[in-house]
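Structure record follows, encoded as structure tokens.
Protein chains in written order, with this note's numbering: chain A, 525 to 947; chain B, 525 to 947.
The following block contains the structure:
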């Protein structure tokens, strides 16, 4: 890791910069894929599957029989673990339900909001070396709780853990389609794959770019995405081996993973570095993790306030507070996706099973975006009901404002009612 | 209006289609503006003000003196109206605050969410014929309630009603910049205008396109936007003159406004059409409204269920229910931005002063998007804290799942803690 000692505040923006991925290069290629799926539907999906993945897709949809089989292919220990994680994630997201609360803002004028599940949502789960069934949990559990009627899943993988988790959580249909073409299929619809109103899920740069392009056309997406990140703030109360393990659990995601350690203690730096070297040797993904660690940064700062400020300026996706006053500091965190408090709260608990969602804002987006939650799967519709007396009370206010905005028909809609009442 | 009698369901998608505005044409022009502001800052803003608006901007910022003067330029009746609307909007949005609720998902595993205001937000208010001070209320009131520290406003207008409302609601700085260049300034920052994390507000096609382009670069925006819309569902219990007034209050927004009437009664159609012609003659914006009305549609359908289904398929920004069982039907509305219940609840009350927000999803986006609310100005950060016992309980679940996803360092972050505890 690059150890940066006592950087001046003026240097922070430069030091905290994330790598920039030029979209200009891949965007035209992604656009070609989107256009092909839009105009040729299923046919385009089959062509791309053959071209990019070397697969002859006879059927785009994974049958309910195959999905039902998946349960028998998993060992019972893993099924039990998925079941426990499912319960926790369900419990936490269920607590996010908001009851309808009617507010009388003026006598006779009642306003309220009601959460209604988005009817059709799509989940993308990438293929690759790891079957990300945990992400199926994180997206399908709140979708089902929200009352989404159609929850479809596109994935190039047919790993039984993905299929099992999808059926456990209420995914309605699964399609074996990957890449930017899967995003296009869900955004526009094809003969086989239904068009959805909102698309969720991680993916490579092509998938991410496709999501941004369809969002520009009005299809909602969960959030823009970049490589995963963790920042750890540690002091002498931290256990160096724990910190090293947390840093490595982020680093193993890929060479572009962002790993940051912030501390006021030089001793913590050297002890964590030692533990890191030792643990790194034993990792199966050592090479990947090593590259990420090489690009990673340690910030040694003077005061607690500096540590707090640098973290809020960085706005990490994950933040681990391994400091003695972690609970107090947690109150002062302004920009982060998810915060892990204390020595016995590793990020991996939130990644899998504690109950919180692991789909979180990367790349500094935590300054403006929340992670995925039940909110992400509902629209909140506002309602209002005004009585005769309420309109008499509120009407003159509306009339004065509409007139000042020179919108006379807006004023009339009130006046004609009040005049009828008065006549 | 085009009266469409008993359309077959298969024809609905075609009939409900909104006009499509080709972005391909304006996007390159908007991109040039964005790039210029990104690279040349204030200088570009001055050049565009001269070129597009014929204005020599000596100062980009409107001084606090000028803002303070605005209060003296408004008549007291309008100030009072703005004050009442302010109170109602504040009351309704304040009720949207969510207290922190700690959830123990597993013994010793506690998770919660906390809403934190987005530090820096930007509001755009267009110029043009009407000074949209009501939109300042709708955006600045929740921003201030959310605890946003910097609330900047860009507008080409210096109308005192806008300046007064901005100072009343807690806008921190006002810049006299309009168009796509204002969006660029807030997205990238210039020497004078601070960069913000999220941009809100309406605008023409250039402004809208600029928002979509900066969103692709990671700056959050309120939502994509199209022309304003209303759908009215009326039966014999409705007063035709009221319905006509509501349709016209939408139509006067512009020739591209979307106005829809849905009814099961042929009598309602003819009576509303008569009332419409009569009221149209008296409008100052008659020509504009006439064009919008020409492009608008009446759907005469057979059954209540048809009316409900066609409305949910259209997903209108505003929906007025002037039907005898409006309260029951309101429960069945799935896709709409804001719903107005009963004969004495005209849309214009929600546009100005009842308390609900008037920044709502148009163009069918109500299928996936909510209108602006307090939620739009906060991020919800998740927190978790796990005890020793909690980790012993949850740990094996995390270990099993991490191993199945071949993420061994994720597993280690748990194992190393449990092993230390056990040793």
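All C-beta atoms in this analysis are idealised placements derived from N, C-alpha and C, irrespective of residue type, glycine included.
Exercise. Taking Cβ-Cβ distances shorter than 7 Å, what residues in chain B pair up with residue 1004 of chain A?
Worked result: The first residue shown for chain A is 525 and the last is 947, placing residue 1004 of chain A beyond what the model contains.
Exercise. Ordered along the chain, which non-local residues of its own chain (more than five positions away) have a Cβ less than 6 Å from that of residue 595 of chain A?
Worked result: Here residue 595 of chain A is taken as the residue at index 71 of the first chain, counted from 1. Counting only Cβ-Cβ distances below 6 Å, and skipping sequence neighbours, we find 688.
For this session: Could you please give the first and the last residue of the uninterrupted beta strand (DSSP E) stretch that includes residue 891 of chain B?
Result: Counting from one through the second chain, the residue named residue 891 of chain B turns up at place 367. Premise fails: residue 891 of chain B is in no beta strand (DSSP E) and is neither H nor E.
Exercise. How would you call residue 970 of chain A, buried or exposed, if buried means at least 16 neighbouring beta carbons within 10 angstroms?
Worked result: The requested residue 970 of chain A is not part of the displayed model; chain A covers only 525 to 947.
Exercise. In chain order, which alpha helix (DSSP H) runs of at least 4 residues are fully inside the segment 592-638 of chain A?
Worked result: 600-618
Problem set entry | Outcome for residue 859 of chain B when other beta-carbon atoms lying within 10 angstroms are tallied against a minimum of 16 | As a position in the second chain, residue 859 of chain B is number 335, starting the count at 1. Buried, since its Cβ has 16 or more Cβ neighbours within 10 Å.
Exercise. Does the beta carbon of residue 635 of chain A sit closer than 7 Å to a beta carbon anywhere in chain B?
Worked result: Mapped onto the first chain, residue 635 of chain A falls at position 111. Chain B contact via Cβ: present.
Exercise. What residues in its chain sit with their C-beta under 7 Å from that of residue 565 of chain A, if we drop five residues either side in the sequence?
Worked result: Counted from its first residue, the first chain places residue 565 of chain A at position 41. 714 and 715, listed in sequence order.
Exercise. Per DSSP, residue 842 of chain A is paired with what?
Worked result: Residue mapping note: residue 842 of chain A aligns to position 318 of the first chain, counting from 1. Answer is A:754 and A:862, bridged to residue 842 of chain A.
Exercise. Do residue 855 of chain B and residue 809 of chain B come within 7 Å of each other at the CB atom, strictly closer than that value?
Worked result: By one-based count along the second chain, residue 809 of chain B stands at place 285. By one-based count along the second chain, residue 855 of chain B stands at place 331. Not in contact: residue 809 of chain B and residue 855 of chain B (Cβ atoms no closer than 7 Å).
Exercise. Between the segment 867-891 of chain B and chain A, which residues of the former have a C-beta closer than 9 Å to a C-beta of the latter?
Worked result: 867, 868, 869, 870, 871, 872, 873, 874, 875, 876, 877, 878, 879, 880, 881, 884, 885, 887, 888, 889, 890 and 891
For this session: Indicate the three-state DSSP secondary structure (helix, strand or coil) for residue 868 of chain B in the structure shown.
Result: Taking the first residue of the second chain as position 1, residue 868 of chain B is located at position 344. Residue state, collapsed to three classes: coil.
Problem set entry | Close beta carbons around residue 908 of chain A, own chain, < 6 Å, minus the five adjacent residues each side | In the first chain, counting from the first residue as 1, residue 908 of chain A sits at position 384. Hits under 6 Å: 635.
Exercise. In whole angstroms, what is the alpha-carbon distance linking residue 900 of chain A and residue 828 of chain A?
Worked result: Here residue 900 of chain A is taken as the residue at index 376 of the first chain, counted from 1. Here residue 828 of chain A is taken as the residue at index 304 of the first chain, counted from 1. Cα to Cα, residue 900 of chain A sits roughly 35 Å from residue 828 of chain A.
Exercise. Is the Cβ of residue 833 of chain B closer than 7 Å to any Cβ of chain A?
Worked result: In the second chain, residue 833 of chain B corresponds to position 309, counting from 1. It does not: the Cβ of residue 833 of chain B has no partner Cβ on chain A nearer than 7 Å.
Exercise. When burial is assigned at 16 or more other CB atoms within 10 Å of the CB, is residue 546 of chain B buried or exposed?
Worked result: Position 22 of the second chain holds residue 546 of chain B. With fewer than 16 Cβ atoms within 10 Å of its Cβ, residue 546 of chain B is classed as exposed.
Exercise. In three-state DSSP terms, what is residue 678 of chain A?
Worked result: The sequence position of residue 678 of chain A within the first chain is 154, counting from 1. Strand at residue 678 of chain A.
For this session: Taking only heavy atoms of the ligand GTP into account, decide whether any of them is closer than 6 Å to the Cβ of residue 712 of chain A.
Result: With respect to the ligand GTP, the structure shown offers nothing to examine, as it has no ligands at all.
For this session: Could you check what DSSP says for residue 940 of chain B in three-state terms: helix, strand or coil?
Result: For the purposes of this step, residue 940 of chain B is identified with residue 416 of the second chain, where counting begins at 1. Looking at residue 940 of chain B - three-state DSSP - the assignment turns out to be helix.
Problem set entry | 9 Å Cβ cut-off: residues of chain B touching residue 797 of chain A | Working through the first chain from its first residue, we reach residue 797 of chain A at position 273. By Cβ distance, chain B contributes nothing, its closest Cβ being about 16 Å from residue 797 of chain A, past 9 Å.
For this session: Check whether the Cβ atoms of residue 762 of chain B and residue 846 of chain B lie closer than 7 Å to each other.
Result: Residue 762 of chain B sits at position 238 when you count from the first residue of the second chain. Residue 846 of chain B sits at position 322 when you count from the first residue of the second chain. Contact: yes.
For this session: Note down, in chain order, every chain B residue with its Cβ under 7 Å from the Cβ of residue 553 of chain A.
Result: Sequence index remark: in the first chain, residue 553 of chain A carries index 29 (1-based). Under the 7 Å cutoff, chain B gives no residues; its nearest Cβ is about 16 Å from residue 553 of chain A.
For this session: List the residues of chain B whose Cβ lies closer than 7 Å to the Cβ of residue 742 of chain A, in chain order.
Result: As a first step, residue 742 of chain A must be located in the first chain, where it is residue number 218. Here the neighbours are 748, 887 and 889.
For this session: Determine, using beta carbons only, whether residue 918 of chain B comes closer than 7 Å to chain A.
Result: For this step, residue 918 of chain B is matched to residue 394 along the second chain. Chain A contact via Cβ: present.
Exercise. How do the segment 916-933 of chain A and the segment 925-941 of chain B stand: do at least 3 beta-carbon pairs fall below 8 Å, yes or no?
Worked result: no
For this session: Please list the partners that residue 930 of chain B has in chain A, where partner means a Cβ-to-Cβ separation under 7 Å.
Result: Counting from one through the second chain, the residue named residue 930 of chain B turns up at place 406. Per Cβ cutoff of 7 Å: 653 and 654.
Problem set entry | Buried or exposed by the 16-neighbour rule on C-beta atoms within 10 Å, applied to residue 559 of chain A | Here the question's residue 559 of chain A lines up with position 35 in the first chain. With fewer than 16 other Cβ atoms within 10 Å, it is exposed.
For this session: Anything in chain A within Cβ reach of residue 863 of chain B, meaning under 8 Å, just list it in chain order.
Result: Within the second chain, numbered from 1, the residue matching residue 863 of chain B stands at position 339. The contacting residues are 905, 906, 907 and 908.
For this session: Report the residue from B:711, B:723, B:880 and B:533 whose alpha carbon sits nearest the alpha carbon of residue 614 of chain B.
Result: Stepping through the second chain from its first residue, residue 614 of chain B is reached at position 90. Considering only alpha carbons, the answer is B:880.
For this session: Please name the residues in the segment 617-631 of chain B whose beta-carbon is closer than 8 Å to at least one beta-carbon of chain A, in chain order.
Result: 619, 620, 622, 625, 627, 629 and 630
Problem set entry | For residue 720 of chain A, the three-state DSSP class (helix, strand or coil) | Looking up residue 720 of chain A in the first chain gives position 196. Per DSSP, reduced to three states, the secondary structure at residue 720 of chain A is coil, with no helix or strand assignment.
Problem set entry | Buried/exposed call for residue 537 of chain A, threshold 16 Cβ in 10 Å | Position 13 of the first chain, counting from 1, holds the residue named residue 537 of chain A. By the 10 Å Cβ count, residue 537 of chain A comes out exposed.
Exercise. For residue 946 of chain A, is the classification buried or exposed, using 16 other Cβ atoms within 10 angstroms of its Cβ as the cut-off for buried?
Worked result: As a working note, residue 946 of chain A is residue 422 in the first chain. With fewer than 16 Cβ atoms within 10 Å of its Cβ, residue 946 of chain A is classed as exposed.
Exercise. What residue from B:894, B:887 and B:598 has the CA that sits closest to residue 640 of chain A's CA?
Worked result: Numbered from its first residue, the first chain carries residue 640 of chain A at position 116. Here the closest residue by C-alpha is B:894.
For this session: Sort A:877, A:884, A:618 and A:842 by Cα distance to residue 864 of chain A and report the nearest one.
Result: Taking the first residue of the first chain as position 1, residue 864 of chain A is located at position 340. Of A:877, A:884, A:618 and A:842, the residue nearest in Cα terms is A:842.
Exercise. When the distance is taken between beta carbons, is residue 703 of chain A closer than 7 Å to residue 647 of chain A?
Worked result: Within the first chain, residue 647 of chain A is the residue found at index 123, counting from 1. Within the first chain, residue 703 of chain A is the residue found at index 179, counting from 1. No, the Cβ-Cβ distance between residue 647 of chain A and residue 703 of chain A is not below 7 Å.
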